[in-house]
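The sequence shown begins at 1 in full-length UniProt numbering and counts up by one.
No residue lacks a Cβ here, since even glycine has one placed at the ideal position from N, Cα and C.
In this text, all values refer to a predicted model and were calculated from it rather than measured experimentally.
Following: one structure in C-alpha coordinates, then a few remarks.
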Amino acid sequence: MSGDGQSEPNLRENPGPPRINERHYNAESEFEYGSRAGFWRLFRMFNKHDMKFTLYAVAQAVEAVPEVVTRCVEKGHDVASHAYRWVEYHDFSVEKEKEWARKCITSLKALSGYAPRGCKYLNPSKFCLRYYGRNSPHSRTVIPQVYEEMGEELVWMSDTYADDIPYWIDRADKPNDPKAKGSLMVPYSYDCNDFKFHSANGFRDPAAFYNHLKNTFDVLYAEGEEGNVKMMTIGLHCRIIGRPGRFKALQDFVEYIGQKEGVWVATRTEIAESFGEQFPYAKGCLAKVA
(Lines of atoms letter the chains of each structure in order from A and count residues from 1; the text may use other names and numbers.)
(Lines give C-alpha, C1' and ligand atoms only; values in the text may rest on other atoms or scores of the structure.)
Protein backbone atom coordinates (compact mmCIF):
# COMPACT_ATOMS: atom_id res chain seq x y z
CA MET A 1 0.00 0.00 0.00
CA SER A 2 3.08 2.21 -0.31
CA GLY A 3 2.87 3.35 3.27
CA ASP A 4 -0.84 4.15 3.25
CA GLY A 5 -3.32 2.75 5.73
CA GLN A 6 -5.56 1.49 2.94
CA SER A 7 -5.76 0.96 -0.80
CA GLU A 8 -6.90 4.03 -2.75
CA PRO A 9 -10.72 4.21 -2.42
CA ASN A 10 -11.52 7.05 -4.83
CA LEU A 11 -13.08 6.92 -8.30
CA ARG A 12 -13.70 3.21 -8.53
CA GLU A 13 -16.04 1.17 -10.70
CA ASN A 14 -17.38 -0.68 -7.67
CA PRO A 15 -16.91 1.68 -4.71
CA GLY A 16 -17.06 0.46 -1.16
CA PRO A 17 -15.69 1.23 2.29
CA PRO A 18 -11.90 1.12 2.64
CA ARG A 19 -10.27 -1.82 4.37
CA ILE A 20 -8.13 -0.21 7.03
CA ASN A 21 -4.59 -1.62 7.25
CA GLU A 22 -5.43 -4.19 4.57
CA ARG A 23 -4.76 -4.34 0.86
CA HIS A 24 -7.84 -4.27 -1.35
CA TYR A 25 -6.70 -6.23 -4.38
CA ASN A 26 -9.83 -5.56 -6.42
CA ALA A 27 -9.44 -1.81 -5.92
CA GLU A 28 -5.76 -1.95 -6.77
CA SER A 29 -6.45 -3.93 -9.92
CA GLU A 30 -8.74 -1.17 -11.20
CA PHE A 31 -5.83 1.26 -11.02
CA GLU A 32 -3.51 -1.31 -12.56
CA TYR A 33 -5.83 -1.49 -15.57
CA GLY A 34 -4.85 2.08 -16.33
CA SER A 35 -1.16 1.29 -16.70
CA ARG A 36 -1.60 -2.16 -18.28
CA ALA A 37 -4.27 -1.36 -20.87
CA GLY A 38 -5.91 2.06 -20.65
CA PHE A 39 -2.83 4.22 -21.11
CA TRP A 40 -1.66 2.34 -24.17
CA ARG A 41 -5.08 2.54 -25.81
CA LEU A 42 -5.05 6.32 -25.38
CA PHE A 43 -1.39 6.56 -26.39
CA ARG A 44 -2.01 4.76 -29.69
CA MET A 45 -5.04 6.88 -30.52
CA PHE A 46 -3.38 10.25 -29.91
CA ASN A 47 -0.29 9.21 -31.85
CA LYS A 48 -2.45 7.99 -34.73
CA HIS A 49 -4.07 11.42 -34.96
CA ASP A 50 -0.77 13.24 -34.37
CA MET A 51 -2.23 14.97 -31.32
CA LYS A 52 -0.02 15.85 -28.35
CA PHE A 53 -1.16 15.50 -24.76
CA THR A 54 0.09 16.30 -21.27
CA LEU A 55 0.68 13.36 -18.96
CA TYR A 56 0.10 14.26 -15.32
CA ALA A 57 2.58 11.90 -13.70
CA VAL A 58 2.42 10.95 -10.04
CA ALA A 59 6.14 10.31 -9.61
CA GLN A 60 5.95 7.24 -7.38
CA ALA A 61 3.39 5.67 -9.72
CA VAL A 62 5.44 6.10 -12.89
CA GLU A 63 8.54 4.85 -11.11
CA ALA A 64 6.77 1.47 -11.25
CA VAL A 65 6.06 1.79 -14.99
CA PRO A 66 8.91 3.96 -16.36
CA GLU A 67 8.11 3.02 -19.94
CA VAL A 68 5.05 5.28 -19.76
CA VAL A 69 7.32 8.29 -19.28
CA THR A 70 9.99 7.26 -21.76
CA ARG A 71 7.46 6.56 -24.51
CA CYS A 72 5.75 9.91 -23.91
CA VAL A 73 9.10 11.70 -24.10
CA GLU A 74 9.96 9.78 -27.26
CA LYS A 75 6.77 10.95 -28.96
CA GLY A 76 7.03 14.57 -27.81
CA HIS A 77 4.21 14.60 -25.28
CA ASP A 78 4.28 16.68 -22.10
CA VAL A 79 5.26 15.00 -18.82
CA ALA A 80 4.02 17.14 -15.95
CA SER A 81 4.18 16.78 -12.20
CA HIS A 82 1.09 15.41 -10.48
CA ALA A 83 3.02 15.47 -7.17
CA TYR A 84 5.27 12.79 -5.72
CA ARG A 85 2.36 10.79 -4.34
CA TRP A 86 -1.40 11.09 -4.72
CA VAL A 87 -2.17 12.07 -1.13
CA GLU A 88 -3.89 14.98 0.57
CA TYR A 89 -1.37 17.80 0.96
CA HIS A 90 -3.63 20.22 2.80
CA ASP A 91 -2.15 19.56 6.25
CA PHE A 92 1.48 19.20 5.15
CA SER A 93 3.96 21.54 6.76
CA VAL A 94 5.80 23.88 4.42
CA GLU A 95 9.04 21.94 4.83
CA LYS A 96 7.40 18.57 4.22
CA GLU A 97 5.67 19.83 1.10
CA LYS A 98 8.99 21.20 -0.15
CA GLU A 99 10.68 17.88 0.55
CA TRP A 100 8.10 15.96 -1.45
CA ALA A 101 8.22 18.47 -4.30
CA ARG A 102 11.99 18.01 -4.53
CA LYS A 103 11.55 14.23 -4.58
CA CYS A 104 9.02 14.54 -7.39
CA ILE A 105 11.23 16.72 -9.57
CA THR A 106 14.24 14.47 -8.98
CA SER A 107 12.24 11.36 -9.82
CA LEU A 108 10.75 12.68 -13.06
CA LYS A 109 14.11 14.00 -14.26
CA ALA A 110 15.69 10.60 -13.63
CA LEU A 111 12.97 8.86 -15.62
CA SER A 112 13.38 11.26 -18.53
CA GLY A 113 16.95 10.03 -19.03
CA TYR A 114 15.61 7.00 -20.90
CA ALA A 115 14.52 9.21 -23.77
CA PRO A 116 16.55 9.90 -26.96
CA ARG A 117 18.80 12.93 -26.52
CA GLY A 118 17.27 14.69 -29.47
CA CYS A 119 14.02 15.23 -27.62
CA LYS A 120 13.47 18.69 -26.15
CA TYR A 121 11.93 17.15 -23.06
CA LEU A 122 15.37 16.13 -21.92
CA ASN A 123 15.64 19.77 -20.86
CA PRO A 124 14.92 19.53 -17.12
CA SER A 125 12.86 22.71 -17.13
CA LYS A 126 10.23 20.95 -19.20
CA PHE A 127 9.45 18.76 -16.22
CA CYS A 128 8.84 21.80 -14.02
CA LEU A 129 5.13 21.72 -14.73
CA ARG A 130 2.64 21.10 -12.07
CA TYR A 131 -0.88 20.05 -11.16
CA TYR A 132 -1.53 18.63 -7.70
CA GLY A 133 -5.31 18.43 -7.36
CA ARG A 134 -4.89 17.91 -3.62
CA ASN A 135 -2.80 20.99 -2.98
CA SER A 136 -2.25 22.82 0.30
CA PRO A 137 -2.88 26.49 1.13
CA HIS A 138 0.89 26.97 0.72
CA SER A 139 1.31 25.30 -2.67
CA ARG A 140 1.16 28.37 -4.91
CA THR A 141 4.04 29.84 -2.91
CA VAL A 142 5.97 26.74 -1.88
CA ILE A 143 6.22 25.05 -5.27
CA PRO A 144 7.71 28.03 -7.16
CA GLN A 145 10.20 28.43 -4.31
CA VAL A 146 11.32 24.81 -4.64
CA TYR A 147 11.90 25.15 -8.36
CA GLU A 148 13.95 28.29 -7.80
CA GLU A 149 15.99 26.58 -5.07
CA MET A 150 16.71 23.72 -7.48
CA GLY A 151 17.65 26.08 -10.30
CA GLU A 152 14.66 25.10 -12.42
CA GLU A 153 11.99 27.11 -14.20
CA LEU A 154 8.33 26.67 -13.29
CA VAL A 155 6.60 27.10 -16.63
CA TRP A 156 2.96 26.82 -15.55
CA MET A 157 0.61 25.60 -12.84
CA SER A 158 -2.88 24.18 -13.21
CA ASP A 159 -4.43 24.11 -9.76
CA THR A 160 -7.22 26.42 -10.86
CA TYR A 161 -10.58 26.16 -12.60
CA ALA A 162 -11.15 29.90 -12.96
CA ASP A 163 -11.17 30.58 -16.72
CA ASP A 164 -11.31 29.27 -20.28
CA ILE A 165 -7.85 30.67 -21.01
CA PRO A 166 -4.56 30.98 -19.11
CA TYR A 167 -3.94 33.92 -16.80
CA TRP A 168 -1.18 35.34 -14.63
CA ILE A 169 -1.06 35.70 -10.85
CA ASP A 170 1.46 37.60 -8.74
CA ARG A 171 3.82 35.76 -6.42
CA ALA A 172 2.41 36.19 -2.91
CA ASP A 173 5.86 35.63 -1.38
CA LYS A 174 7.42 38.48 -3.38
CA PRO A 175 5.02 41.43 -3.09
CA ASN A 176 7.77 44.06 -3.04
CA ASP A 177 10.19 42.52 -5.53
CA PRO A 178 10.02 44.47 -8.82
CA LYS A 179 11.90 41.67 -10.58
CA ALA A 180 9.57 38.90 -9.39
CA LYS A 181 8.08 36.72 -12.09
CA GLY A 182 4.42 35.83 -11.91
CA SER A 183 2.94 32.35 -12.08
CA LEU A 184 1.11 31.41 -15.26
CA MET A 185 -2.07 29.50 -14.46
CA VAL A 186 -3.35 27.14 -17.14
CA PRO A 187 -6.82 26.14 -15.87
CA TYR A 188 -7.80 22.52 -15.44
CA SER A 189 -11.36 21.23 -15.92
CA TYR A 190 -13.72 19.31 -13.68
CA ASP A 191 -16.72 19.44 -16.02
CA CYS A 192 -14.99 17.98 -19.10
CA ASN A 193 -13.50 15.19 -17.05
CA ASP A 194 -14.01 11.45 -17.11
CA PHE A 195 -13.99 11.24 -13.31
CA LYS A 196 -17.65 12.26 -13.53
CA PHE A 197 -18.44 8.73 -14.68
CA HIS A 198 -17.82 7.90 -11.01
CA SER A 199 -19.65 10.81 -9.39
CA ALA A 200 -23.31 11.16 -8.47
CA ASN A 201 -23.82 14.27 -10.62
CA GLY A 202 -21.79 12.97 -13.52
CA PHE A 203 -22.17 11.12 -16.81
CA ARG A 204 -24.50 8.13 -16.82
CA ASP A 205 -23.21 6.78 -20.14
CA PRO A 206 -20.52 7.47 -22.77
CA ALA A 207 -23.01 9.26 -25.02
CA ALA A 208 -23.57 11.90 -22.35
CA PHE A 209 -19.81 12.38 -22.06
CA TYR A 210 -19.46 12.80 -25.81
CA ASN A 211 -22.36 15.26 -26.00
CA HIS A 212 -20.92 17.36 -23.19
CA LEU A 213 -17.51 17.50 -24.84
CA LYS A 214 -19.05 18.36 -28.21
CA ASN A 215 -21.28 21.07 -26.77
CA THR A 216 -18.34 22.59 -24.91
CA PHE A 217 -16.17 22.51 -27.99
CA ASP A 218 -18.87 23.99 -30.24
CA VAL A 219 -19.42 26.97 -27.93
CA LEU A 220 -15.70 27.68 -27.54
CA TYR A 221 -15.04 27.15 -31.25
CA ALA A 222 -17.78 29.65 -32.15
CA GLU A 223 -16.26 32.19 -29.76
CA GLY A 224 -12.90 31.59 -31.39
CA GLU A 225 -14.36 32.27 -34.83
CA GLU A 226 -15.56 35.61 -33.44
CA GLY A 227 -12.00 36.48 -32.46
CA ASN A 228 -12.05 35.39 -28.83
CA VAL A 229 -9.66 32.44 -28.76
CA LYS A 230 -10.44 29.90 -26.04
CA MET A 231 -8.86 26.80 -24.55
CA MET A 232 -10.63 23.51 -23.83
CA THR A 233 -9.20 21.10 -21.30
CA ILE A 234 -10.33 17.47 -21.06
CA GLY A 235 -9.25 15.59 -17.95
CA LEU A 236 -8.73 11.87 -18.56
CA HIS A 237 -7.80 8.98 -16.28
CA CYS A 238 -6.37 5.92 -18.01
CA ARG A 239 -8.31 3.47 -15.84
CA ILE A 240 -11.62 5.27 -16.53
CA ILE A 241 -11.69 6.53 -20.12
CA GLY A 242 -9.38 3.68 -21.12
CA ARG A 243 -12.22 1.19 -20.77
CA PRO A 244 -13.37 0.32 -24.31
CA GLY A 245 -16.98 1.49 -24.02
CA ARG A 246 -16.00 4.91 -22.74
CA PHE A 247 -12.97 5.13 -25.00
CA LYS A 248 -15.25 4.97 -28.05
CA ALA A 249 -16.89 8.25 -26.99
CA LEU A 250 -13.50 9.94 -26.73
CA GLN A 251 -12.44 8.43 -30.04
CA ASP A 252 -15.54 9.85 -31.73
CA PHE A 253 -14.86 13.28 -30.23
CA VAL A 254 -11.23 13.27 -31.40
CA GLU A 255 -12.40 12.44 -34.91
CA TYR A 256 -15.02 15.21 -34.72
CA ILE A 257 -12.57 17.97 -33.82
CA GLY A 258 -10.08 16.62 -36.33
CA GLN A 259 -12.48 17.72 -39.07
CA LYS A 260 -12.60 21.33 -37.86
CA GLU A 261 -10.32 24.02 -39.28
CA GLY A 262 -8.01 25.98 -37.02
CA VAL A 263 -8.11 23.60 -34.05
CA TRP A 264 -4.82 23.36 -32.19
CA VAL A 265 -4.49 20.26 -30.02
CA ALA A 266 -1.51 21.22 -27.91
CA THR A 267 0.37 20.32 -24.77
CA ARG A 268 0.00 22.60 -21.80
CA THR A 269 3.59 23.70 -22.20
CA GLU A 270 2.90 24.78 -25.77
CA ILE A 271 -0.19 26.66 -24.63
CA ALA A 272 1.71 28.33 -21.79
CA GLU A 273 4.59 29.37 -24.04
CA SER A 274 2.26 30.76 -26.70
CA PHE A 275 0.19 32.69 -24.18
CA GLY A 276 3.26 34.01 -22.38
CA GLU A 277 4.73 35.33 -25.62
CA GLN A 278 1.52 37.13 -26.56
CA PHE A 279 0.62 38.32 -23.07
CA PRO A 280 3.76 38.75 -20.96
CA TYR A 281 3.51 38.97 -17.20
CA ALA A 282 3.02 42.46 -15.75
CA LYS A 283 3.05 42.76 -11.98
CA GLY A 284 -0.33 43.66 -10.56
CA CYS A 285 -2.02 43.28 -13.94
CA LEU A 286 -4.20 40.31 -14.86
CA ALA A 287 -2.97 39.49 -18.35
CA LYS A 288 -5.73 37.79 -20.32
CA VAL A 289 -7.86 38.12 -23.41
CA ALA A 290 -11.61 38.67 -23.61
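- In this structure, Val69 places its C-beta atom within 9 Å of the C-beta atom of Val62.
- Scanning the segment 178 to 233 for uninterrupted beta strand (DSSP E) segments of 3 residues or longer gives 183 to 185, listed from N- to C-terminal end.
- Taking a contact as a CB-CB distance under 8 Å, the pair Ser189 and Gly235 counts as one, their CB atoms being some 6 Å apart.
- Collapsing the DSSP output to three states places Gly235 in a strand.
- By the C-beta criterion, the segment 264 to 277 is judged to be in contact with the segment 75 to 82, since at least 3 inter-stretch pairs fall below 8 Å.
- If you check the CB distance, Tyr210 and Phe275 do not come in under 9 Å.
- Within the same chain, Cβ atoms closer than 8 Å to the Cβ of Lys283 are found at Asp170, Pro178, Ala180, Gly182, the five residues on either side in sequence being excluded.
- Lys103 and Tyr84 have their C-alpha atoms roughly 7 Å apart.
- The three-state reading of DSSP puts Val94 in helix, counting H, G and I together.
- When the beta-carbon positions are compared, His237 and Arg12 stay at least 9 Å from each other.
- Straight through space, the alpha carbons of Glu152 and Val146 are spaced by roughly 8 Å.
- By alpha-carbon distance to Val263, the top candidate from Tyr221, Gly242, Gly227, Gly245 is Tyr221.
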